[in-house]
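Asker: Read in order, the letters of the sequence shown correspond to residues 241 to 472 in my numbering.
Here a beta-carbon is modelled for each residue, glycine too, at the ideal position from N, C-alpha and C.
Just so it is clear, the structure is predicted and the values come from calculations on it, not from any experiment.
Here's a structure for you.
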Amino acid sequence: MKIKTIRPSDFNRLLSYLKQYKLIVIAALFFAIITGIGTVLSTYLIGAGIDALVEAGAVDFNALTRILIWLGIAYLITLLSQWLVRVFANEVSFKVVRDLRIDTFKKLNQLPLSFFDQTVHGNVVSRFTNDLESLSEALVLILSNLFTGIIIILSALGFMLYLSPVLTLVVLSVTPLFFLVGWLVTKHSQKYFSQQQNILGNLSGYASEMITGQKVVKAFNYEKKWKKTFKK
């Protein structure tokens, strides 16, 4: 069973599952925004604290104390937000994958017997386990790290423009190069990911058939040939 190319309609179907839990998704995105802003703000406060220490003359302990207090508050809020993002992201991921497993099982019950005759059983099991587990991890990554990263970039860009517009323009001038490198890596690695999933499915299917049919394997003295095929 080969993995088909991802189409826009596949994303729309996935969004239809996410829409059922839109309140949880919104909560995850909200705390992702708080996490991103808090991360950048903490970095800015650390810089302000260092400036208060190394400025010419006596150290302004009053200013340094205020900065440390705000830094502690920012860290606490950021850590709490990170934890809440993970909680909501894992909850959404669990519920979406659960619904997908239920719908996939219903679909399997509606398929004709010819499908199961032409398809390796272990490959079908791999779709239920490995592929859906990968989807679950991807959902958690998107809802937590991806959106948090986007907010961090936007917040950092805002602070950079505030501190030094010229330096910001210099950084932005080379940014397209990084996007180009990322796009090239993604483009060339996607086919290898598809191959990996195909090989994993074939491996699961082959192992499942050999284990469930081990009496037949022994009866026909197929062990050596099975090992050679498995190594390939």
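Could you give the C-beta distance for Ile273 and Ile391, rounded to a whole number, given that I count them as a contact under 8 Å?
Answerer: Between Ile391 and Ile273 the Cβ distance is about 5 Å, and since that is below 8 Å, they are a contact.
Asker: When you compare only the Cα positions, how much space is there between Asn252 and Leu316?
Answerer: Near 37 Å, if we compare the C-alpha coordinates of Leu316 and Asn252.
Asker: From what residue to what residue does the alpha helix (DSSP H) around Ile382 run?
Answerer: From DSSP, Ile382 is part of no alpha helix (DSSP H); its letter is neither H nor E.
Asker: If you scan the region 251 to 331 from start to end, which runs of the alpha helix (DSSP H) of 4 or more residues do you find wholly inside it?
Answerer: Counting whole runs of 4 or more residues, the region 251 to 331 contains the alpha helix (DSSP H) stretches 262 to 294.
Asker: Ala396 and Val280 look like a contact to me (Cβ under 8 Å); what is the Cβ gap, rounded to whole Å?
Answerer: With 8 Å as the limit, Ala396 and Val280 qualify as a contact, their Cβ atoms being about 5 Å apart.
Asker: Inspect the beta-carbon positions of Met400 and Thr388 and report whether they are closer than 7 Å.
Answerer: No; because the gap between Cβ atoms is not below 7 Å, this pair is not in contact.
Asker: To which residues of the same chain is Val380 closer than 8 Å at the C-beta, ignoring the five residues directly before and after it?
Answerer: Result list for Val380: Arg326, Ala329, Asn330 and Ser333, in chain order.
Asker: Taking the straight line between their C-alpha atoms, what separation do you get for Val410 and Pro416?
Answerer: If I take the Cα positions, the gap works out to 12 Å.
Asker: Go ahead and label Phe345 buried or exposed: buried means 16 or more other beta carbons lie within 10 angstroms of its beta carbon, across all protein chains shown.
Answerer: By the neighbour-count rule (16 or more Cβ atoms within 10 Å), Phe345 is not buried but exposed.
Asker: Take Lys335 and list the residues in its own chain whose beta-carbon comes closer than 7 Å to its own, dropping the five residues that flank it on each side.
Answerer: For Lys335, where only same-chain residues beyond five positions count, the Cβ hits under 7 Å are Tyr261.
Asker: Please report how far the alpha carbon of Gly276 lies from the alpha carbon of Leu319, in whole angstroms.
Answerer: Using only the alpha carbons, I get a separation of about 11 Å.
Asker: Less than 7 Å between the C-beta atoms of Leu285 and Leu304, yes or no?
Answerer: No; because the gap between Cβ atoms is not below 7 Å, this pair is not in contact.
Asker: Looking only at C-alpha atoms, which of Leu420, Ile393, Ile382 and Tyr402 sits nearest to Leu255?
Answerer: Of the listed residues, the one whose Cα sits closest to Leu255 is Ile382.
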